[in-house]
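Numbering (our numbering), first residue to last: 248 to 455.
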């Protein structure tokens, strides 16, 4: 009696079932992360979720966990500029899920560097391009900010239009405490002033 061997053909699943969805707004392919890396997905039965992995909300901003990356000096900058080393160093850690990552110590003035290879922000070009590269590497996972030489409202707006979430202007506030109003004026915008000082510009303290 002949035995008939039957070979079942294996049908590959449709590509849509195995393809990772690409992250939006990235010039190269990288999978979207939903939820963000480092988000708690569940616990064993009867075990409470550790507080370390509970979300932390500060006003309107929520971090997926409470394990933050402190600044890590790399002493690898070139004339104050971050390099590809900083991108791979920070990007590799950020992809692994800290709730917040902080950039390393950054010198406000060239003379204030702790080493000749420290990162600086005494020129407009230092932080913004690097922040945009980090944004592309970790898009959708956290708030990304440019810090430092954001010397004009138009520059700040341009960075936000390119995708950054916030800009930070520490030393410029020291030079001009009214920086918010100055940038608003530059962009043709009227903003609310605090009542304690606003009257001096548009209220009872205003000369007729």
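The C-beta atom is built at its ideal place from N, Cα and C for all residues, glycine as well.
**OP:** Leaving aside the five residues before and after residue 278 along the sequence, list all residues of the same chain whose C-beta is less than 8 Å from its C-beta, in chain order.
**Re:** Numbered from its first residue, the chain shown carries residue 278 at position 31. 267, 268, 269, 270.
**OP:** Tell me residue 278's beta-bridge partners as DSSP assigns them.
**Re:** Taking the first residue of the chain shown as 1, we reach residue 278 at position 31. Its beta-bridge partners are 269.
**OP:** For residue 437, collect the residues of the same chain with a Cβ closer than 8 Å to its Cβ; drop the 5 residues on either side in sequence, then sort them by chain order.
**Re:** The residue given as residue 437 occupies position 190 in the chain shown. So the list reads 431, once near-sequence residues are dropped.
Original post:
Given residue 336, which residues of its chain have a CB within under 7 Å of its CB, disregarding the five upstream and five downstream residues?
Top reply: If you number the chain shown from 1, residue 336 lands on position 89. 321.
**OP:** Output yes or no for whether 8 Å exceeds the beta carbon distance between residue 334 and residue 375.
**Re:** On the chain shown, position 87 is the one that residue 334 refers to. On the chain shown, position 128 is the one that residue 375 refers to. Not in contact: residue 334 and residue 375 (Cβ atoms no closer than 8 Å).
**OP:** Can you check DSSP and say which residues form a bridge with residue 379?
**Re:** For the purposes of this step, residue 379 is taken as the residue at position 132 of the chain shown. Answer by DSSP bridge pairing: none, since residue 379 is not bridged.
Subject >> Chain-order list of residues whose beta-carbon lies under 8 Å from that of residue 357 (same chain, five-residue window excluded) >> reply: Taking the first residue of the chain shown as position 1, residue 357 is located at position 110. Result list for residue 357: 327, 367, 369, in chain order.
**OP:** Kindly indicate which residue of 329, 319, 307, 346 has the alpha-carbon position closest to the one of residue 287.
**Re:** As a position in the chain shown, residue 287 is number 40, starting the count at 1. Per the Cα distances, 346.
Original post:
From residue 453 to residue 441, what distance separates their C-alpha atoms?
Top reply: To locate residue 453, count along the chain shown from 1; it is residue 206. To locate residue 441, count along the chain shown from 1; it is residue 194. Bear in mind that the predicted position of residue 453 carries a pLDDT of just 41, short of 50, making it unreliable; the figure below should be weighed with that in mind. The straight-line gap from Cα to Cα measures roughly 15 Å.
Subject >> N- and C-terminal bounds of the beta strand (DSSP E) containing residue 399 >> reply: One-based indexing of the chain shown puts residue 399 at position 152. That residue, residue 399, is in no beta strand (DSSP E); it is neither H nor E in DSSP.
Subject >> residue 354 - partner residues in DSSP beta bridges >> reply: Working through the chain shown from its first residue, we reach residue 354 at position 107. DSSP output for residue 354 lists 367 as bridge partner(s).
Original post:
Taking just the CA atoms, how far does residue 416 sit from residue 433?
Top reply: Taking the first residue of the chain shown as 1, we reach residue 433 at position 186. Taking the first residue of the chain shown as 1, we reach residue 416 at position 169. Each residue's alpha carbon lies about 16 Å from the other.
Original post:
Going by C-alpha distance, which of 276, 382, 305 is nearest residue 408?
Top reply: Here the question's residue 408 lines up with position 161 in the chain shown. Closest by alpha carbon: 382.
Original post:
Got a sec? Which residues, its chain only, sit under 7 Å from residue 290 by beta carbon, not counting five neighbours each side?
Top reply: Within the chain shown, the letter at position 43 stands for residue 290. If we look at residue 290 and ignore the five residues flanking it on each side, its Cβ neighbours are 296.
Subject >> Pick from 329, 319, 306, 340 that is closest to residue 377, judged by C-alpha positions >> reply: Along the chain shown, one-based indexing puts residue 377 at 130. The option with the nearest alpha carbon to residue 377 is 329.
Original post:
Using CA coordinates, which residue listed in 379, 420, 423, 425 is at the minimum distance from residue 406?
Top reply: As a position in the chain shown, residue 406 is number 159, starting the count at 1. Closest option to residue 406, Cα to Cα, is 379.
**OP:** Taking only the alpha-carbon atoms, compute the straight-line gap between residue 451 and residue 425 and give it to the nearest angstrom.
**Re:** As a position in the chain shown, residue 451 is number 204, starting the count at 1. As a position in the chain shown, residue 425 is number 178, starting the count at 1. Confidence is the limiting factor: at residue 451 the pLDDT is only 44, short of 50, which leaves the residue's position unreliable and the question unanswerable from this model.
Original post:
According to the neighbour-count rule (16 or more other Cβ atoms, all chains shown, within 10 Å of its Cβ), is residue 455 buried or exposed?
Top reply: Residue 455 sits at position 208 when you count from the first residue of the chain shown. Low per-residue confidence applies at residue 455: pLDDT is 41, beneath 50, and the placement is therefore not dependable, though the value from the model is reported in the following sentence. Result: exposed.
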